[in-house]
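To start, the structure itself, in structure tokens.
Protein chains: 4
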Amino acid sequence: MTGKEKTELRKTQILQAAAKVFAEKGFQEGTIPDVAKESGVSEASIYEYFSNKENLLFSIPMEAMQRLSEKIDFHLKLIRGSAEKLRAILYLQLLFYIENRDYAAVIMLILKQNRRFLDTEAHQAIRKHLKTVDKVIRDGMECGEFRNDMDPYLIRSTCLGSMEHVVTNWLMLGHPTDEELLKWVDPMLNALVRGVGAGNELNQCPLKHLIVPEDVEA
Amino acid sequence: MTGKEKTELRKTQILQAAAKVFAEKGFQEGTIPDVAKESGVSEASIYEYFSNKENLLFSIPMEAMQRLSEKIDFHLKLIRGSAEKLRAILYLQLLFYIENRDYAAVIMLILKQNRRFLDTEAHQAIRKHLKTVDKVIRDGMECGEFRNDMDPYLIRSTCLGSMEHVVTNWLMLGHPTDEELLKWVDPMLNALVRGVGAGNELNQCPLKHLIVPEDVEA
Amino acid sequence: MTGKEKTELRKTQILQAAAKVFAEKGFQEGTIPDVAKESGVSEASIYEYFSNKENLLFSIPMEAMQRLSEKIDFHLKLIRGSAEKLRAILYLQLLFYIENRDYAAVIMLILKQNRRFLDTEAHQAIRKHLKTVDKVIRDGMECGEFRNDMDPYLIRSTCLGSMEHVVTNWLMLGHPTDEELLKWVDPMLNALVRGVGAGNELNQCPLKHLIVPEDVEA
Amino acid sequence: MTGKEKTELRKTQILQAAAKVFAEKGFQEGTIPDVAKESGVSEASIYEYFSNKENLLFSIPMEAMQRLSEKIDFHLKLIRGSAEKLRAILYLQLLFYIENRDYAAVIMLILKQNRRFLDTEAHQAIRKHLKTVDKVIRDGMECGEFRNDMDPYLIRSTCLGSMEHVVTNWLMLGHPTDEELLKWVDPMLNALVRGVGAGNELNQCPLKHLIVPEDVEA
DNA sequence: AATGAATGAGGCTTCATTCAT
DNA sequence: TATGAATGAAGCCTCATTCAT
Numbered sequence: 000m001t002g003k004e005k006t007e008l009r010k011t012q013i014l015q016a017a018a019k020v021f022a023e024k025g026f027q028e029g030t031i032p033d034v035a036k037e038s039g040v041s042e043a044s045i046y047e048y049f050s051n052k053e054n055l056l057f058s059i060p061m062e063a064m065q066r067l068s069e070k071i072d073f074h075l076k077l078i079r080g081s082a083e084k085l086r087a088i089l090y091l092q093l094l095f096y097i098e099n100r101d102y103a104a105v106i107m108l109i110l111k112q113n114r115r116f117l118d119t120e121a122h123q124a125i126r127k128h129l130k131t132v133d134k135v136i137r138d139g140m141e142c143g144e145f146r147n148d149m150d151p152y153l154i155r156s157t158c159l160g161s162m163e164h165v166v167t168n169w170l171m172l173g174h175p176t177d178e179e180l181l182k183w184v185d186p187m188l189n190a191l192v193r194g195v196g197a198g199n200e201l202n203q204c205p206l207k208h209l210i211v212p213e214d215v216e217a
Numbered sequence: 000m001t002g003k004e005k006t007e008l009r010k011t012q013i014l015q016a017a018a019k020v021f022a023e024k025g026f027q028e029g030t031i032p033d034v035a036k037e038s039g040v041s042e043a044s045i046y047e048y049f050s051n052k053e054n055l056l057f058s059i060p061m062e063a064m065q066r067l068s069e070k071i072d073f074h075l076k077l078i079r080g081s082a083e084k085l086r087a088i089l090y091l092q093l094l095f096y097i098e099n100r101d102y103a104a105v106i107m108l109i110l111k112q113n114r115r116f117l118d119t120e121a122h123q124a125i126r127k128h129l130k131t132v133d134k135v136i137r138d139g140m141e142c143g144e145f146r147n148d149m150d151p152y153l154i155r156s157t158c159l160g161s162m163e164h165v166v167t168n169w170l171m172l173g174h175p176t177d178e179e180l181l182k183w184v185d186p187m188l189n190a191l192v193r194g195v196g197a198g199n200e201l202n203q204c205p206l207k208h209l210i211v212p213e214d215v216e217a
Numbered sequence: 000m001t002g003k004e005k006t007e008l009r010k011t012q013i014l015q016a017a018a019k020v021f022a023e024k025g026f027q028e029g030t031i032p033d034v035a036k037e038s039g040v041s042e043a044s045i046y047e048y049f050s051n052k053e054n055l056l057f058s059i060p061m062e063a064m065q066r067l068s069e070k071i072d073f074h075l076k077l078i079r080g081s082a083e084k085l086r087a088i089l090y091l092q093l094l095f096y097i098e099n100r101d102y103a104a105v106i107m108l109i110l111k112q113n114r115r116f117l118d119t120e121a122h123q124a125i126r127k128h129l130k131t132v133d134k135v136i137r138d139g140m141e142c143g144e145f146r147n148d149m150d151p152y153l154i155r156s157t158c159l160g161s162m163e164h165v166v167t168n169w170l171m172l173g174h175p176t177d178e179e180l181l182k183w184v185d186p187m188l189n190a191l192v193r194g195v196g197a198g199n200e201l202n203q204c205p206l207k208h209l210i211v212p213e214d215v216e217a
Numbered sequence: 000m001t002g003k004e005k006t007e008l009r010k011t012q013i014l015q016a017a018a019k020v021f022a023e024k025g026f027q028e029g030t031i032p033d034v035a036k037e038s039g040v041s042e043a044s045i046y047e048y049f050s051n052k053e054n055l056l057f058s059i060p061m062e063a064m065q066r067l068s069e070k071i072d073f074h075l076k077l078i079r080g081s082a083e084k085l086r087a088i089l090y091l092q093l094l095f096y097i098e099n100r101d102y103a104a105v106i107m108l109i110l111k112q113n114r115r116f117l118d119t120e121a122h123q124a125i126r127k128h129l130k131t132v133d134k135v136i137r138d139g140m141e142c143g144e145f146r147n148d149m150d151p152y153l154i155r156s157t158c159l160g161s162m163e164h165v166v167t168n169w170l171m172l173g174h175p176t177d178e179e180l181l182k183w184v185d186p187m188l189n190a191l192v193r194g195v196g197a198g199n200e201l202n203q204c205p206l207k208h209l210i211v212p213e214d215v216e217a
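Written out as structure tokens, the structure reads:
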């Protein structure tokens, strides 16, 4: 028991260090020696836990995405209305980025442009997340909360893209500040939902009280 | 003269090759030997034109951005209405990406996450472009075409972010196709402008015929 | 006792695994982790039995050579005639190689070219074996069965070299097959003994019934 | 011209150094830094000429085998009689080993036990050499100079094996001396040819004056 | 102006080996 | 006795970059 826990701890230690190093320097410029120094572990030990440098990189988002995913699933069950759900998802995601700056940087600035990452187990977790978003959007379109004359993929892209753009700038330029960033979620989401919404004011989904939470999980 | 022209040609040759190589392999995995092979120029010669590898990378978007910028400026002069202008900018930008896939990849997938690129002359061109967008947005807010209860930076982010997200996916996943991508511009812009718009239907800027083209350049 | 036996068993286990690994991959390319996996023993445990990797390698032939040596000694006592004895030695040796392919590979392909192996206890066993061969040859020369105008070392070299060459090819190329290899012993030995023989046909050693078995051991 | 020559010189320089290093330390224990030091060339430069360490190793015998092969071909044309030819081949080969101790060590102690070497261009040169030997042996069997009740492969193995064994001992033990080694060629060959010979004394090939040199080349 | 040739620098990775349990 | 875990040491190899021609 204690052995396995220790191992798990060590792994997390290394992953955190790696996230920090790669977030600061980028993947290629961040070296294994850097990660070793940062984590207080020998270089060789890193290879006990991760088969190679790229595998280390790809392992960074796994845990974190897991946690985020669970949190989102949990909250979605408590919320009625697709617009509200969409807002919740984006809000939680943004919050997560703010609270885990290094992970955010690794995901947004490094992994997003790595083609090999697409074939990764970690990327599957991301795809699952995207599916959740899709479900919410499609539900919203069906029940009339969202415009149904738009490709749902486009709706998703607009929402996520806006957020990612802001996050990327926040990471790269340090602007806006964390507080501003959080304050912006609402107006941004409002604008998005408005652009994406059906035009009649919110809460108009006649069936929304019937949507059982399990739907979201599908 | 002929000497200078030849030099300029060679430079372009190298830049194109570099764009292709970096677009395919990424910056670190694309090597100077690769660029040399692709361009048919010796490695050593590359250093005659570019002081080092990063400088080569940073030089890639210059020309192209220049051309795009000029084209946008030209078109903006012919268009009235902030919404229309915004649409034009985004459309031209998207068109540019589609027609210059390698440049798009270098800009969107590589340069965007390079902090040192921020201090670059090439990045200034980008900032100038952003200012143009800002100007259009602010004008639109002033004359009531756009909501004025939103941070203009947020409006810009929403517009650019949506587009960049779609472009990134197009580059990384090959999805959507070029044609789809182009077809999507309009609905996407509509949604954006609607979300960002003042609510009363378009074309309502009473002063838009007064906006003199030169304003935009400022 | 049981403890000691267990220890001995474990050692043999490891040695066999090591022989297999080194035979397949060579000494440097075969790793301690490989041996650990193959033997079902932990890496650390290997070091309980063998002080280091080279010592493990050098220990491989000991047991086996011991067994071979005993078998040869036993048979030699039953045979009269130097030519017959020589034939027996070579035959038994060849048989041993065929029946212990991994050991053969380790000895012929790895240890033979290791200078440090020369200083080993295991190598002493080999030298003792060579002395047995020498004794037989010298006896054969004395009693007129073998040519006495040739350096005995040369005779030995010719016999052993021929055999080793064939064995090496068998190990490296898988050619000839085990059966062919065994069938070849006789003609090869005939040729050798003929080349090495005194010319008058065999069995002509007038004193051979006087050779007492103990001589051979010396 | 001068450029190519210089390149070729450099390559030879490196190969000689590599032969020396590997002969002394073995392949794995001899390092690229060692070769660099020995050859007075930088490590990186070695990789300009040889794609990797193993390729460097495999390239060592090429030149040398080439030279030996040519010399043998040349001499064979001048010699009548299969036995004499066989003797010549073995003698020249032995001489070559003595005059190129490092190459001999690399070939006999390192390459001979490397399975990947078998797929090498350099190994083809060796196979060609073996074919020459085979041809001589088969010719000798046909015209009655050699026993025809033995597998020719076995005859070849006996001859080469004897020689290689002696050479290996010479390399490993420094015994016999170069002079002794040379002096032994004749008696050894006599014994071999005698063992392998048809029994009637030499020179009995009735057609041997008809054998045209070209035969050998086939 | 153009390049073939050479190399310094440094990263990733692998193991043999140790040690605490 | 047995081993999981940790690491020091070191080698291969790759490139960006320089320089003589």
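Chains as they are written, first to last, in numbering that gives the first Met the number 0: chain A, 0 to 217; chain B, 0 to 217; chain C, 0 to 217; chain D, 0 to 217.
The beta carbon of each residue, even a glycine, is placed where N, CA and C say it ideally should be.
Computed from a predicted model, the values in this text were never measured in an experiment.
Neighbourhood of residue i by C-beta distance below 8 Å, restricted to the same chain and skipping five residues each side
| i | result |
| --- | --- |
| Q15/D | S38 and D101 |
| H128/D | M64, L67, S68 and I71 |
Residue i burial status per 10 Å Cβ neighbour count (16 or more: buried)
| i | result |
| --- | --- |
| L55/B | buried |
| E155/D | This sequence places Arg at residue 155/D; Glu is not what is there. Buried: at least 16 other Cβ atoms inside 10 Å. |
| P60/B | buried |
| T167/D | buried |
| N51/D | exposed |
| T11/B | exposed |
| N147/C | exposed |
| A35/C | buried |
| R66/D | exposed |
| E28/B | exposed |
Straight-line Cα distance separating residue j from residue i
| i | j | result |
| --- | --- | --- |
| R9/D | S58/D | 14 Å |
| A22/A | V105/A | 5 Å |
| L172/C | R115/B | 58 Å |
| E62/A | L77/B | 52 Å |
| E213/D | K84/D | With a pLDDT of 39 at E213/D, under the threshold of 50, the predicted position of this residue should be treated as unreliable, and no value is reported. |
| L209/D | F73/D | Reliability of the predicted coordinates at L209/D is poor, the pLDDT of 39 falling under 50, and no value is obtained from them. |
| E4/B | V40/D | 41 Å |
| Q123/D | K130/D | 10 Å |
| I109/B | E53/A | 18 Å |
| M107/C | H164/D | 11 Å |
Candidates the options: closest to residue i by CA position
| i | options | result |
| --- | --- | --- |
| E7/C | W183/C, A35/C, F49/C and G143/C | F49/C |
| R126/C | K111/C, I97/C and M140/C | K111/C |
| E178/B | L93/B, K5/B, G194/B and C158/B | L93/B |
| G25/A | Y96/B, P175/B, P186/B and N113/B | N113/B |
| N99/A | L170/A, H128/A and P186/A | L170/A |
| H174/A | R79/B, L153/B and S44/B | L153/B |
| K182/B | M149/A, S44/A and A103/A | M149/A |
| N189/D | L180/C, R193/C and V20/C | R193/C |
Residues near residue i by beta carbon distance below 6 Å, same chain, minus five either side
| i | result |
| --- | --- |
| S81/C | V135, D138, G139 and E144 |
| V184/D | Y90 and L93 |
| A121/D | F57, P60 and M61 |
Cβ neighbours of residue i in the same chain (closer than 7 Å, five flanking residues each side left out)
| i | result |
| --- | --- |
| P151/C | D133, I136, R137 and M140 |
| L191/D | T157, C158 and S161 |
| V20/B | G29, D33, V34 and E37 |
| A103/C | Y96, V166 and L170 |
List in chain order: all unbroken alpha helix (DSSP H) runs of 4+ residues lying wholly within the segment 99 to 162 of chain A. 100 to 104 and 120 to 141
Along the chain, which unbroken stretches of the alpha helix (DSSP H) at least 4 residues long are found entirely within the segment 6 to 57 of chain D? 31 to 38 and 42 to 48
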